[in-house]
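In the numbering used here, the protein residues as written are 1 to 172.
#1: Assuming residue 44 contacts residue 70 (C-beta within less than 8 Å), just tell me the rounded distance between them.
#2: Assuming residue 55 and residue 75 form a contact by the criterion Cβ under 8 Å, report the distance between their Cβ atoms to the nearest whole angstrom.
#3: Going by beta-carbon coordinates alone, are residue 109 and residue 92 separated by less than 9 Å?
#4: To which residues of the same chain is residue 52 closer than 8 Å at the C-beta, ignoring the five residues directly before and after it?
#5: Given a cut-off of 9 Å, decide if residue 16 and residue 24 are closer than it, judged by their beta-carbon atoms.
#6: Counting along the chain, where does the beta strand (DSSP E) carrying residue 176 start and finish?
#7: Considering only their Cβ atoms, is the gap separating residue 105 from residue 172 smaller than 9 Å?
#8: Are the beta-carbon atoms of residue 116 and residue 59 separated by less than 9 Å?
#9: Taking the Cβ atom as the reference point for each residue, do residue 112 and residue 40 lie within a distance shorter than 9 Å?
#10: Could you compute how far the alpha carbon of residue 128 sits from the alpha carbon of residue 80?
#11: Report the option in 158, 97, 27, 86 whose CA atom is closest to the CA atom of residue 135.
#12: Considering residue 70, what are the terminal residues of the beta strand (DSSP E) in which it resides?
#13: Starting from residue 46, trace the beta strand (DSSP E) in both directions and tell me its first and last residue.
Shown next as structure tokens:
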């Protein structure tokens with residue numbers, strides 16, 4: 001199954017371009033089984049933001065406060081490794097100590113179990129799999145990442161680069 005990068009309409013794999021807006025089609029990502037899950041009776045996962053080396057980052061909502069947050073959930077294969085979990089916890093604690101307008105605030109950290117209703121590991125389809133996990137909750141930032149800004153605007157001038165580096169250093 002393919003998907004338009006602009007309008008998100010679905011197409012068969014034999015198509016290359018969207019008939020509505022002419023954009024190229026890319027392979028559609030499989031539905032993430034974490035979307036809709038409630039973590040620790042506090043956070044409802046709404047959508048995927050990014051995938052990193054240690055985990056997935058999702059847009060979520062604090063259920064009681066109706067507040068948008070970002071939640072990073074460690075990959076399941078790392079959640080069973082005590083050393084990886086400890087590194088993840090230390091990273092959260094160190095980041096939590098940084099209090100600056102140019103740094104994301106860490107709001108919560110926890111371990112939990114949840115049931116993935118449908119998931120695939122390669123060609124194997126699994127139903128109702130219990131997963132042990134570790135997560136960190138952060139403030140949700142809106143806007144472009146530095147990488148997205150580079151791609152859309154091109155290389156930064158020396159002055160822009162200096163300003164960005166100064167802001168990073170101030171936060172640290």
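We treat Cβ as the ideally placed atom computed from N, Cα and C, and that holds for glycine. It should be emphasised that the depicted structure is a prediction, and the values quoted were computed from it without experimental measurement.
Once the coordinates are examined:
#1: The Cβ separation is near 13 Å, so there is no contact.
#2: About 5 Å separates the Cβ atoms of residue 55 and residue 75, confirming a contact at the 8 Å cut-off.
#3: Taking 9 Å as the Cβ cut-off, residue 109 and residue 92 qualify as a contacting pair.
#4: For residue 52, where only same-chain residues beyond five positions count, the Cβ hits under 8 Å are 72.
#5: Yes, these two residues count as a Cβ contact at 9 Å.
#6: It is not possible to answer for residue 176, since the shown part of the chain is limited to 1 through 172.
#7: For residue 172 and residue 105, no; Cβs fall outside 9 Å.
#8: Between residue 116 and residue 59, the C-beta gap is not smaller than 9 Å, which leaves the two residues out of contact.
#9: Against a cut-off of 9 Å, the Cβ pair of residue 40 and residue 112 comes out as a contact.
#10: Their backbone Cα atoms lie some 18 Å apart in a straight line.
#11: With distances taken between Cα atoms, residue 135 lies closest to 86.
#12: Residues 67-74.
#13: Counting along the chain, the beta strand (DSSP E) containing residue 46 begins and ends at 43-51.
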